[in-house]
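Encoded as structure tokens, the structure appears first; notes follow it.
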């Protein structure tokens, strides 16, 4: 299997990730922060170690401002619903994932006003358009760091400055960029950073989290046992407990810590160069295949290692199914849980095929994928029986 | 280490659980329900397999009515906040965990009325008292299946009948009983069953879920990518997607499936007998140690394999620290995230030491624990420097 679906979840994981998870389950199975015994303290230490690794990666001063949850979606729900209330206005883009658009849709029903700034046909946003959308009652800007459809990198640093200057809370969805691009919450003026553990950070699924800047107060999404301050009727004020209720994914977080260490050891710049090179190779190669239209910046330096394309007028699901069943290539065809983005690109009906690369992909795999696409186009290979899933 | 903290998380796990997690991460790392390719389909199959195992265990007709999340706390938050709104009244007990009392505390702020039925000094509730608490606007009863402090088993079947007769939604917190006691949602008339994956079901931490009966409509706690019906502005109507947003803990759920299979293979009755025997052994042995007071039913057949006790007037945290540091016994001392329960028992100030047993504990460990407790009392062993953590 040639795995080009790393934007959904990265695979494979570095072997250290699996080893750490197994060690955690075998040796320190206990519940962190729930008791004073040696195993519980060891479990706590593992989780806190991961917090520290992430804090260092994202330039977060206090690791306890990172709260863990099931995934980036949970983090975004906590950020948006925890922050915004009736009468608030929020500015977002037309390239967001459903993990932003759907919570905003619910909040709209609760009296929050939402402005979606239109992006261009490459998925790019203009900072001036964001600035123009800010109103007197604007509370926050929420933006993806890079589109999960086109990979388009958003001008997060500039918009961070705008947010700072206008005294707005800046929420960034780093689903496609955590571990992939440099993220510096301090210098980028990011107040709330939602990240998945299982994509560019090479941790296992079931991990993700939210950085909450000092001074930003959120209503918790969940209340429950926090292992400390158990006598209080509500959640404790202190972080991370305030936003972490119930048992964490201890083993998964131990694995995530190893994923982050792997990135730091390899060097994020080196990984970025490798992924950028694969993206460039694909973008270059695909140009010569007639009938394939790539959407997005078509410039490896301006996108995450994510490329989406259409083949003639053929439904994307058919191409995805052919790649899977005839060529053993795992990719993702469909709307990518981002219908707004597809509307922006004009691909809502046909949908798109997405390739996404990781540190572990090799140039030979890109070459093979190009070869397959050329054959599909030239021989007009039909979709396998049962057709494709375009979800 | 003698591990007697299974009510926090069970340890060790059956080896098949770890093997399934590793196999999932190594071979089917992809994101379930997010693409049509073979690896994604394999991931989906693993998760659905676990749904089926759980449905069979709990006598749930349609496995898709089980939704997965990070832990039982998330499931309880979804159940309570998803169901209850301003003007609703809910009946609960005075023995609940913070995973019930804290969401209810928040809901109270939003106009939900809450009646806490007082339990007796053994943690037991009278069905007549629950019936008497029901009002015209009562919407639901929420009850723990067994106290996480005293192990007291609640009369869930009787209260289920009451709920059915009075047309109330019946919410059960199975944190201490899933995999430990028989749970039959159909015959017990349970509408919403919250369960952790990592305690009596022997799965890894980071897993848990909620069974949602046909006809019960909840507002989702989280919205986001569901991998299907991506074009909708809000969550799809169908389950499990409606309540499952973002990437699931695929590997963890694969492990959980093996945990449930382990239980079914061993036989839940056989596991129950073993755990009941350990509980009985401890209750019997502790009687002859002067100055130790056990709280709860003191009858292994009427409690989950959880026993809490006080040693004279000594703070529970001190005893927990001595057990850990002098004797290498992992237990849990403190309020157990259940301050209401401790108020009911009259142990809010002193707190309690809790022992909890699993399938993997052996009579020799109980004997050792009794020996240590006797020594602590007879020699009046002092707390180690630094003292105990009573969380």
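Residue numbers (our numbering), protein chains in the order written: chain A, 1 to 391; chain B, 1001 to 1391.
Every residue, glycine too, gets a C-beta built ideally from N, C-alpha and C.
With DSSP run on the structure shown, which of helix, strand or coil describes residue i?
{"i": "residue 1261/B", "result": "helix"}
{"i": "residue 1069/B", "result": "strand"}
{"i": "residue 173/A", "result": "strand"}
{"i": "residue 248/A", "result": "coil"}
{"i": "residue 89/A", "result": "strand"}
{"i": "residue 348/A", "result": "coil"}
{"i": "residue 1016/B", "result": "helix"}
{"i": "residue 1127/B", "result": "helix"}
{"i": "residue 138/A", "result": "strand"}
{"i": "residue 366/A", "result": "helix"}
{"i": "residue 226/A", "result": "coil"}
{"i": "residue 1060/B", "result": "coil"}
{"i": "residue 322/A", "result": "helix"}
{"i": "residue 159/A", "result": "helix"}
{"i": "residue 41/A", "result": "helix"}
{"i": "residue 1153/B", "result": "strand"}
Check whether the Cβ of residue i lies closer than 8 Å to any Cβ atom in chain B.
{"i": "residue 77/A", "result": "yes"}
{"i": "residue 298/A", "result": "no"}
{"i": "residue 102/A", "result": "yes"}
{"i": "residue 324/A", "result": "yes"}
{"i": "residue 98/A", "result": "yes"}
{"i": "residue 1/A", "result": "yes"}
{"i": "residue 391/A", "result": "For residue 391/A, the predicted structure reports a pLDDT of 47, less than 50, and the residue's modelled location is therefore unreliable. The matter cannot be settled from this model."}
{"i": "residue 227/A", "result": "yes"}
{"i": "residue 9/A", "result": "yes"}
How close, in whole Å, do the beta carbons of residue i and residue j come, if the pair is a contact with beta carbons under 8 Å?
{"i": "residue 1207/B", "j": "residue 1024/B", "result": "In fact, because the Cβ distance is near 12 Å, the residues do not count as touching under 8 Å."}
{"i": "residue 259/A", "j": "residue 17/A", "result": "5 Å"}
{"i": "residue 215/A", "j": "residue 137/A", "result": "Their Cβ separation, rounded to whole angstroms, is 20 Å, which puts residue 215/A and residue 137/A out of contact at 8 Å."}
{"i": "residue 175/A", "j": "residue 72/A", "result": "5 Å"}
{"i": "residue 278/A", "j": "residue 366/A", "result": "5 Å"}
{"i": "residue 1014/B", "j": "residue 1195/B", "result": "18 Å between Cβ atoms; not a contact."}
{"i": "residue 139/A", "j": "residue 90/A", "result": "6 Å"}
From the DSSP secondary-structure annotation, give me the bridge partner or partners of residue i.
{"i": "residue 1235/B", "result": "Paired residue(s): none; residue 1235/B is not in a bridge."}
{"i": "residue 144/A", "result": "173/A"}
{"i": "residue 1009/B", "result": "The partner list for residue 1009/B (beta bridge, DSSP) is empty, contrary to what the question assumes."}
{"i": "residue 115/A", "result": "91/A"}
{"i": "residue 1194/B", "result": "1173/B and 1210/B"}
{"i": "residue 1164/B", "result": "DSSP lists no partner for residue 1164/B."}
{"i": "residue 334/A", "result": "352/A"}
{"i": "residue 1309/B", "result": "1294/B and 1353/B"}
{"i": "residue 1181/B", "result": "1178/B"}
{"i": "residue 1003/B", "result": "1330/B"}
{"i": "residue 303/A", "result": "152/A"}
Compare the C-beta of residue i against all C-beta atoms of chain E and say whether one is closer than 8 Å.
{"i": "residue 1230/B", "result": "The structure shown has no chain E; the protein chains it does contain are A and B."}
Counting contacts by CB-CB distance shorter than 8 Å, is residue i in contact with chain A?
{"i": "residue 1095/B", "result": "no"}
{"i": "residue 1339/B", "result": "yes"}
{"i": "residue 1223/B", "result": "yes"}
{"i": "residue 1335/B", "result": "yes"}
{"i": "residue 1392/B", "result": "The requested residue 1392/B does not occur in the structure, where chain B is confined to residues 1001 to 1391."}
{"i": "residue 1330/B", "result": "yes"}
{"i": "residue 1361/B", "result": "no"}
{"i": "residue 1144/B", "result": "no"}
{"i": "residue 1048/B", "result": "no"}
{"i": "residue 1377/B", "result": "no"}
{"i": "residue 1088/B", "result": "no"}
{"i": "residue 1291/B", "result": "no"}
{"i": "residue 1184/B", "result": "no"}
{"i": "residue 1384/B", "result": "no"}
Given 7 Å as the limit, tell me if residue i has its C-beta closer than that to any heavy atom belonging to the ligand FMN.
{"i": "residue 182/A", "result": "Ligands displayed in this structure: none; no statement on the ligand FMN is therefore possible."}
Proximal residues, the stretch 1188 to 1208 of chain B versus chain A, C-beta separation under 9 Å: Contact residues of the stretch 1188 to 1208 of chain B toward chain A are 1196, 1198, 1199, 1204, 1205, 1206, 1207 and 1208 (C-beta to C-beta distance below 9 Å).
When you check each C-beta in the stretch 1236 to 1269 of chain B against every C-beta of chain A, which residues fall closer than 7 Å? Within the stretch 1236 to 1269 of chain B, 1245, 1246, 1247, 1248, 1249, 1250, 1251 and 1252 place their CB atoms closer than 7 Å to a CB of chain A, listed in sequence order.
Taking a Cβ distance cut-off of 8 Å, strictly less, list which residues of the stretch 1054 to 1079 of chain B are near chain A, in chain order. Near chain A, meaning a CB-to-CB distance below 8 Å, the residues of the stretch 1054 to 1079 of chain B are 1069, 1070, 1071, 1072, 1073, 1074, 1076 and 1077.
Near-chain A residues of the stretch 1297 to 1322 of chain B - C-beta to any C-beta below 9 Å: Listed in sequence order: 1317, 1320 and 1321.
At a Cβ cut of 8 Å, what residues of the stretch 1105 to 1119 of chain B count as close to chain A, listed as they run along the chain? Listed by position, the residues of the stretch 1105 to 1119 of chain B near chain A (Cβ gap below 8 Å) are 1105 and 1106.
If the cut-off is 8 Å on Cβ atoms, which residues from the stretch 1127 to 1151 of chain B count as contacting chain A, listed in chain order? None of the residues of the stretch 1127 to 1151 of chain B has a beta carbon lying less than 8 Å from any beta carbon of chain A.
Residues of the stretch 1153 to 1174 of chain B with a CB closer than 8 Å to any CB of chain A: list them in chain order, please. Answer in chain order: no residues at all.
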